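A.B. asks: Chains as they are written, first to last, in our numbering: chain V, 6 to 344; chain Z, 6 to 344.
1. Could you run through the region 277 to 289 of chain V and flag, in chain order, every residue whose CB is less than 9 Å away from some CB of chain Z?
2. Note the first and the last residue of the continuous alpha helix (DSSP H) segment covering residue 192 of chain Z.
3. What residues of chain V sit near residue 261 of chain Z, judged by a beta carbon separation below 8 Å?
4. In the DSSP assignment, find the alpha helix (DSSP H) that holds residue 221 of chain Z and state where it starts and stops.
5. Along the region 233 to 246 of chain Z, where does the CB come closer than 7 Å to a CB of chain V? Name the residues.
6. For chain Z, check one thing: does any of its Cβ atoms lie closer than 8 Å to the Cβ of residue 270 of chain V?
7. Compare the beta carbon distance of residue 58 of chain Z and residue 71 of chain Z with 8 Å and say whether it is the shorter of the two.
8. If contacts are defined as beta-carbon pairs under 8 Å, then residue 231 of chain V and residue 251 of chain V qualify, I think. What distance do you get, rounded to the angstrom?
9. Determine whether the beta carbon atoms of residue 48 of chain V and residue 81 of chain V lie at a separation below 8 Å.
10. Please give the ranges of any alpha helix (DSSP H) in the region 12 to 80 of chain Z, keeping only runs that are unbroken, at least 4 residues long and fully inside the region.
11. Of the residues V:325, V:281, V:314, V:15, which one's Cα is nearest the Cα of residue 151 of chain V?
12. Using a beta-carbon distance below 8 Å, is residue 258 of chain V in contact with chain Z?
13. Between the alpha carbons of residue 61 of chain Z and residue 175 of chain Z, how many angstroms are there, rounded?
14. So which residues on chain V does residue 266 of chain Z lean against when the C-beta distance must stay under 7 Å?
15. Report the CB separation of residue 292 of chain Z from residue 144 of chain Z in whole angstroms; it is logged as a contact under 8 Å.
16. Looking at the structure shown, is residue 157 of chain V part of a helix, part of a strand, or coil, going by DSSP?
17. Using a cut-off of 8 Å between C-beta atoms, extract the partners of residue 137 of chain V located in chain Z.
18. Name the residue from V:321, V:319, V:320, V:313 whose alpha carbon lies nearest to the alpha carbon of residue 339 of chain V.
19. Does the distance from the CB of residue 235 of chain Z to the CB of residue 220 of chain Z come in under 8 Å?
20. Please go through the same chain and pick out, in chain order, the residues whose beta-carbon is closer than 7 Å to the beta-carbon of residue 123 of chain V, but skip the five residues on each side of it.
21. Give the residues of chain V in contact with residue 255 of chain Z, contact being defined as C-beta atoms less than 7 Å apart.
22. Determine whether the beta carbon atoms of residue 284 of chain V and residue 279 of chain Z lie at a separation below 8 Å.
23. Determine the burial state of residue 46 of chain Z: buried for a count of at least 16 other Cβ atoms within 10 Å of its Cβ, exposed for fewer.
24. I think residue 106 of chain V touches residue 10 of chain V, with their Cβ atoms under 8 Å apart; what is that distance to the nearest whole Å?
25. Output the residue ranges of the beta strand (DSSP E) runs that lie fully inside the region 222 to 280 of chain V and measure 3 residues or longer, sorted by chain position.
26. For a quick check, are the C-beta atoms of residue 8 of chain Z and residue 35 of chain Z less than 8 Å apart?
27. Among V:109, V:15, V:53, V:272, which residue has its Cα nearest to the Cα of residue 84 of chain V?
28. DSSP state of residue 343 of chain Z, grouped into three classes?
29. Between residue 7 of chain Z and chain C, is there a C-beta pair that is closer than 8 Å?
30. Classify residue 209 of chain Z as buried or exposed, calling it buried when 16 or more other Cβ atoms lie within 10 Å of its own Cβ.
31. Could you tell me which residues DSSP pairs with residue 185 of chain V in its beta bridges?
32. Alpha carbons only, please: which of V:155, V:156, V:138, V:223 is nearest the one belonging to residue 165 of chain V?
33. Restricting to Cα atoms, I'd like to know which of V:56, V:51, V:40, V:50 is closest to residue 27 of chain V.
34. Going residue by residue through the region 311 to 335 of chain Z, where are the continuous beta strand (DSSP E) segments of at least 3 residues, counting only ones entirely within it?
35. Where do the N-terminal and C-terminal ends of the alpha helix (DSSP H) with residue 177 of chain Z fall, by residue?
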């Protein structure tokens with residue numbers, strides 16, 4: 006009898022806010038390996054905000070995911086069986102296996118599967134601080150914001166997988182670092198555990214005026230670099246506090262992911278404050294990943310990069326955990342543990 | 006009896022749209038020259054959109070102009086009397102003399118007064134293509150847009166002092182160049198005289214959908230670089246047509262100069278299309294002016310840079326000419342001729 010594999014498919018596209026009905030759990034047979042293929046048993050799935058974009062048909066930088074296919078996503082796991090010379094059973098690997106228990110990977114494709122060392126870095130970290138979210142933080146901070154010591158760097162979604170790394174990298178560069186997060190618990194985590202200089206609770210400052218005043222207090226010398234994950238009113242307030250020649254790295258606009266338009270209230274500030282606002286996608290800058298992963302891996306192994314994980318248990322919990330992520334219910338990196 | 010000097014002062018700040026009542030014509034005595042001073046008789050005043058910003062008290066990159074002082078602005082003229090060794094009566098000079106017939110200039114201040122050569126370049130061009138507007142075009146195009154041959158460059162206010170130079174500089178770099186201008190006459194000028202590949206009449210395409218369709222036809226391969234002078238709905242339509250890794254030089258937002266908010270409808274496009282949007286002010290990049298002026302002056306002297314001037318006659322006509330400029334009534338560089 007052949008091995009069985011549980012998968013979660015994209016069942017339908019959300020009209021606005023996604024729900025459990027957009028996903029479907031199925032069970033299929035695993036086909037025998039072809040030459041060059043590797044069978045990976047997933048230990049963790051990564052859940053990330055960008056997946057929301059793939060669920061829609063709207064024009065974006067990535068092709069929408071086809072209906073009735075396995076939800077895409079990063080994965081870490083162990084090699085169970087290999088018909089490729091570079092991989093052996095027992096190897097720890099990171100890949101893009103998607104929301105399923107097992108993946109059959111064509112290991113001949115460059116970048117499809119990468120062996121990782123788990124002696125000093127836990128396997129799950131390769132989906133977080135030493136993986137795509139970490140490199141995202143590193144790229145936006147070092148390549149777009151380019152902070153100088155003494156400058157003020159702000160990051161929204163500061164307790165999340167990306168934001169938490171942005172702030173710690175900026176602290177390591179001797180910046181004043183201020184986060185924005187939702188709720189007192191997240192803000193306390195950002196300041197007390199991650200070492201940010203301050204954190205503004207956006208739930209306590211729901212309108213532009215209140216948020217603007219809170220930012221003024223948290224950033225008395227203005228904002229030189231902003232790492233933007235959210236957009237909307239928070240970004241409008243941030244724009245008002247940007248210093249001349251400030252830089253904004255546009256990484257995400259999660260407040261607009263359900264199709265509601267989120268205009269930028271005052272784009273004239275880009276001119277008045279001579280800002281640079283730049284969008285980026287980390288997967289388009291693969292040449293810089295080794296440099297980024299080296300810094301991130303060293304910091305993590307040395308205990309100078311703190312992380313937290315929100316872990317959902319079992320494949321069937323992935324949709325709910327993902328919907329919670331979109332609502333900000335997680336703290337740190339959202340994972341699904343499969344074994 | 007001492008020499009008299011007519012001046013136009015800022016009499017009051019506009020609540021919204023400025024009008025003639027915001028200006029006041031006065032006549033005063035010219036004081037005798039102090040050591041180091043130079044008396045300049047103005048031949049032309051420059052009228053530029055940035056002056057609108059100075060009339061308001063709103064926060065901007067420049068200090069608001071004080072009430073009851075001479076309207077600021079670029080000027081060209083001739084030296085009438087000099088108590089500075091570098092200047093002699095008869096010298097042609099460019100400066101920031103403001104809206105008045107004569108200026109007493111402290112020539113010891115670096116950059117206050119510059120001698121210019123009028124053998125191959127007409128004096129008035131130092132207020133246009135070979136002056137601040139030309140360098141503005143050069144800076145935004147070469148330092149922010151950085152166009153490559155074969156790319157499509159778009160510029161709004163294409164028949165104006167800045168836009169007309171942007172397009173011709175981009176053509177010289179083998180780009181496809183598309184303008185946006187108001188009305189058939191301006192569009193014909195932009196294509197037939199300035200040599201743009203196409204020009205979209207924004208008056209014939211007043212809504213987002215119509216403008217977007219017109220841009221699609223004029224820019225079949227999308228837009229790689231946008232030189233923004235206007236903002237508002239036109240910019241929203243441009244954003245929808247920007248190619249991946251496109252660059253937007255934010256030079257002006259004239260559609261919002263009267264205090265109406267002009268939001269950017271879809272800032273998510275900065276992320277989705279990985280755009281760089283950057284504001285700049287040309288006076289902050291003085292180190293590059295010699296390089297820019299060399300290219301602009303050479304092109305103009307060789308007949309490869311075409312310009313037009315709208316010339317109002319006499320100091321008293323300056324307010325009306327300025328208000329017309331804000332409404333787009335001029336073609337090319339708006340000047341006031343004083344002698």
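Backbone N, C-alpha and C define an ideal beta-carbon position, used for all residues, glycine too. Note that the structure is a prediction, hence the values are computed from the model and not measured.
C.D. replies: Considering the structure as presented:
1. 277, 278, 279, 280, 281, 282, 283, 284, 285, 286, 289
2. 189 to 193
3. 273
4. 213 to 223
5. 236
6. yes
7. no
8. 7 Å
9. yes
10. 55 to 60
11. V:281
12. yes
13. 34 Å
14. 270, 271
15. With 8 Å as the limit, residue 292 of chain Z and residue 144 of chain Z do not qualify as a contact, their Cβ atoms being about 11 Å apart.
16. strand
17. The contacting residues do not exist; residue 137 of chain V stays about 16 Å from chain Z at best.
18. V:313
19. no
20. 97
21. 275, 276
22. yes
23. buried
24. 5 Å
25. 228 to 233, 247 to 255
26. yes
27. V:109
28. coil
29. No chain C is present in this structure, whose protein chains are V and Z.
30. exposed
31. V:161, V:205
32. V:138
33. V:56
34. 314 to 318
35. 168 to 177
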